[in-house]
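Asker: Here's a structure for you.
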Amino acid sequence: MEISDTELRERLLTFGYVAPPITGTSKGILVKKLQSLENGTPFMTTNTSTEENETLESAPDGSTIRQRPTKIEFQPQNVGIYSRCTARSVDFWDRIGILGTALLLLLATSAVFVVFKFIGDWSDRRYRSVYLADGVFPKCSQGGNPRITCVPDAEFAFTESNLNVVRAALHHATLTDRCGRLSHKASSDFIGLYPLFRDDQVKALLATELGFKAAECDTLLQNSKVFFKANPRLDVKVLNEGLLYRNQRLLRSCGLTAWNTVAYTYALYVLTSFALVWFFYKFNRWVGKLRSEGDDEKRRLMKDIVDVLKQYENKAGKRFLPVEDVRRWINEAISVSDKLWSDMEVHLREHHENSLGLERKLVHGQEREVFYLKN
Numbered sequence: 001m002e003i004s005d006t007e008l009r010e011r012l013l014t015f016g017y018v019a020p021p022i023t024g025t026s027k028g029i030l031v032k033k034l035q036s037l038e039n040g041t042p043f044m045t046t047n048t049s050t051e052e053n054e055t056l057e058s059a060p061d062g063s064t065i066r067q068r069p070t071k072i073e074f075q076p077q078n079v080g081i082y083s084r085c086t087a088r089s090v091d092f093w094d095r096i097g098i099l100g101t102a103l104l105l106l107l108a109t110s111a112v113f114v115v116f117k118f119i120g121d122w123s124d125r126r127y128r129s130v131y132l133a134d135g136v137f138p139k140c141s142q143g144g145n146p147r148i149t150c151v152p153d154a155e156f157a158f159t160e161s162n163l164n165v166v167r168a169a170l171h172h173a174t175l176t177d178r179c180g181r182l183s184h185k186a187s188s189d190f191i192g193l194y195p196l197f198r199d200d201q202v203k204a205l206l207a208t209e210l211g212f213k214a215a216e217c218d219t220l221l222q223n224s225k226v227f228f229k230a231n232p233r234l235d236v237k238v239l240n241e242g243l244l245y246r247n248q249r250l251l252r253s254c255g256l257t258a259w260n261t262v263a264y265t266y267a268l269y270v271l272t273s274f275a276l277v278w279f280f281y282k283f284n285r286w287v288g289k290l291r292s293e294g295d296d297e298k299r300r301l302m303k304d305i306v307d308v309l310k311q312y313e314n315k316a317g318k319r320f321l322p323v324e325d326v327r328r329w330i331n332e333a334i335s336v337s338d339k340l341w342s343d344m345e346v347h348l349r350e351h352h353e354n355s356l357g358l359e360r361k362l363v364h365g366q367e368r369e370v371f372y373l374k375n
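For the sequence shown, the positions run 1 to 375 when full-length UniProt numbering is used.
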């Protein structure tokens, strides 16, 4: 039966029926209603939660006297089955498992340990790499007491050119004493970790090992002390008893620095590295959990809405329902916060979902927000 929308509306109006907005879906139903009105037979439509079906009452003589709306309730079943499931989504750490997580944490800890060790060694090298060109050169022509706070000008060139010889002699003696014979108490005393060389020991080293004369040994030693006092960042410190050779890297290379000092340093590096890696791991999992929980709740709620809409589609043949009806049914079955409803509705408006949509439609002549099925 081909009929225009205007003619269909007018013919229905002659029977006192005001047709709702005519769409492609509703036109077929309205045409059947018109036929039933013209033939005097009752017409029933599918029951819904928000629609009223009309029946015709007939007088005893068979004439139609009035229309009475009848409402058949739609009640969805098993509402909220998805939201009741609290299973957490699988993240990256779940996929790699316990062994993968342990291996990744071990590699990260090793990497951070290497960084700490590099920084420690670099700072040590930087502290130790102080050359005489960067130091202070106290000449007696600038004032001071000879061989106490300054170096006589006549002896300055000799002392400056041989200052590293003194350091080399102390270095060699330390290697021989600490590394060669593996003796903690051989030819020198120790203050803490460092060997202490008395003046007579230094002079003997200069004379026997390097071939300096006795007068040169005394001059070089006394003037070297002036340089060492003026440049405290050098490896040699002047004490009343003699020269303290403070070369930490040399002692570590000997392997004779107090083992517990090295072990403590490395253990501190390892513990600090692991603590940092563990903190970032737990922080990452905490943030991921917060993010996934909100997403999971929204996804489960949308699945519940789709389930209700599919039940309604199977019963009434329509793919949309007003938002307030869906919210009422779901809230009766489970507890859903207003914030979650709001977040989910914002998500539907701002993002594309394959199965569920949210829009405004005319329902019984009123514009209302509805959930609708896309596929």
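Backbone N, C-alpha and C fix where the C-beta goes; we use that ideal spot for every residue, glycine too.
For G357, name the three-state secondary structure that DSSP assigns.
Answerer: Here G357 sits in strand by DSSP.
Asker: What are the boundary residues of the beta strand (DSSP E) that L221 is part of?
Answerer: Premise fails: L221 lies in the alpha helix (DSSP H), 214-230, not in any beta strand (DSSP E).
Asker: In this structure, what does DSSP give as the bridge partners for V151?
Answerer: Bridge partners of V151: K139.
Asker: Where DSSP assigns a beta bridge to P322, which residues make up the other side?
Answerer: Paired residues: V370.
Asker: Where A215 and A207 are concerned, what is the direct C-alpha to C-alpha distance, given to the nearest angstrom?
Answerer: Near 10 Å, if we compare the C-alpha coordinates of A207 and A215.
Asker: Count the other C-beta atoms from every protein chain shown that fall within 10 angstroms of the C-beta of V23, then say buried if there are 16 or more, exposed otherwise.
Answerer: In the sequence under discussion, the amino acid at residue 23 is Thr, which differs from the Val named in the question. Looking at its Cβ environment, which holds fewer than 16 other Cβ atoms inside 10 Å, T23 is exposed.
Asker: What does the Cβ neighbour count give for R328, buried or exposed, with the cut at 16 atoms within 10 Å?
Answerer: Label assigned to R328: exposed.
Asker: Closest to L221 by CA distance: which of S161, F116, L13 is it?
Answerer: That would be S161, whose Cα lies nearest to the Cα of L221.
Asker: Does DSSP put G28 in a helix, in a strand, or in coil?
Answerer: Three-state DSSP puts G28 in a helix.
Asker: Should F227 be labelled buried (16 or more other beta-carbon atoms within 10 Å of its own) or exposed?
Answerer: Under this definition F227 is a buried residue.
Asker: Leaving aside the five residues before and after L210 along the sequence, list all residues of the same chain whose C-beta is less than 7 Å from its C-beta, in chain order.
Answerer: V165, A169, listed in sequence order.
Asker: Please determine, among V277, F274, L348, the residue with the shortest C-alpha to C-alpha distance to I305.
Answerer: Out of V277, F274, L348, L348 has the C-alpha closest to the C-alpha of I305.
Asker: In the DSSP output, which residue or residues are listed as bridge partners for F190?
Answerer: Partner(s): P195.
Asker: Could you work out which residue in F280, K298, C150, C217 is closest to V112 when comparing CA atoms only?
Answerer: With distances taken between Cα atoms, V112 lies closest to F280.
Asker: Alpha carbon to alpha carbon, how far is I148 from H171? Give it in angstroms, no decimals.
Answerer: Computed Cα separation, rounded: 24 Å.
Asker: DSSP three-state call for V336: helix, strand or coil?
Answerer: Reduced to three states, the DSSP call for V336 is coil.
Asker: V238 bridges to which residues according to DSSP?
Answerer: In DSSP, V238 forms a bridge with L243.
Asker: Where does G100 land, buried or exposed, given buried means 16+ other C-beta within 10 angstroms?
Answerer: Result: exposed.
Asker: Tell me which same chain residues have a C-beta within less than 8 Å of the C-beta of I96, skipping the five on either side of it?
Answerer: Here the set comprises L104.
Asker: Is it right to say L250 is buried, meaning 16 or more other beta carbons lie within 10 angstroms of its own, or is it exposed?
Answerer: So L250 ends up on the buried side.
Asker: Looking at the structure shown, is V306 part of a helix, part of a strand, or coil, going by DSSP?
Answerer: Reduced to three states, the DSSP call for V306 is helix.
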